[in-house]
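> With positions in the sequence shown counted from 1, the corresponding number in the working numbering is that position plus 6.
We treat Cβ as the ideally placed atom computed from N, Cα and C, and that holds for glycine.
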Amino acid sequence: MIRPLADRILLIEGEKEGRYPHSHSLYIRDGGGILVDCGSDIGQILRLKEEEGLAAILMTHYHEDHFLFLSRFPDVEVWASEGDAPALESLDVLLDWYGVAGTGKEPFFRDLFAGKFPYRPRTVARRLADR
């Protein structure tokens with residue numbers, strides 16, 4: 007379901023009321039369309055992309071419930087904080103930050119991120135910094 011929050015901001019409610027492994031997303035009707043996180047409802051996201059455009063996806067952080075559908079948009083620019091960008095750009099970094107790299111749990115998480123959460127490394131085109 008999509009609900010307006012403000013004049014140019016929409017809430018895209020995630021499947022299962024945004025419960026894991028989903029989340030909620032925001033769509034900003036500005037700059038060609040900016041999606042904030044992409045773990046909500048893929049059908050609604052695709053509809054908004056088709057009807058209004060999608061210029062960028064702003065990732066609030068690197069957790070799998072927020073990048074769930076990121077791989078569905080390989081041609082859309084990704085934005086993220088300087089702190090989160092490395093985990094979006096490298097599965098090895100993501101696994102290290104989850105604390106499973108080099109452990110017996112690493113194969114399980116590699117398979118999990120390759121399948122259920124189709125992780126694909128992405129270049130972060132715009133890195134955001136605190137000022």
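Between residue 47 and residue 66, how many whole angstroms is the CB-CB distance? I'm expecting something under 8 Å.
About 17 Å; that fails the 8 Å criterion.
> Thinking just about the alpha-carbon of each residue, which of 68, 135, 82 is nearest to the one in residue 103?
For residue 103, the nearest C-alpha among the options comes from 68.
> Could you work out which residue in 90, 55, 108, 40 is closest to residue 135 when comparing CA atoms only?
Taking only the C-alpha atoms, the option nearest residue 135 is 90.
> Spatial neighbours of residue 124 within its chain, please: CB distance less than 6 Å, with the 5 preceding and 5 following residues excluded, ordered by chain position.
For residue 124, where only same-chain residues beyond five positions count, the Cβ hits under 6 Å are 77.
> Could you work out which residue in 79, 73, 117 is closest to residue 27 when comparing CA atoms only?
Nearest option by C-alpha distance: 73.
> Tell me the DSSP bridge mates of residue 10?
According to DSSP, residue 10 bridges with 16.
> Tell me the rounded alpha-carbon separation between residue 7 and residue 25.
Answer to the nearest angstrom: the Cα atoms are 14 Å apart.
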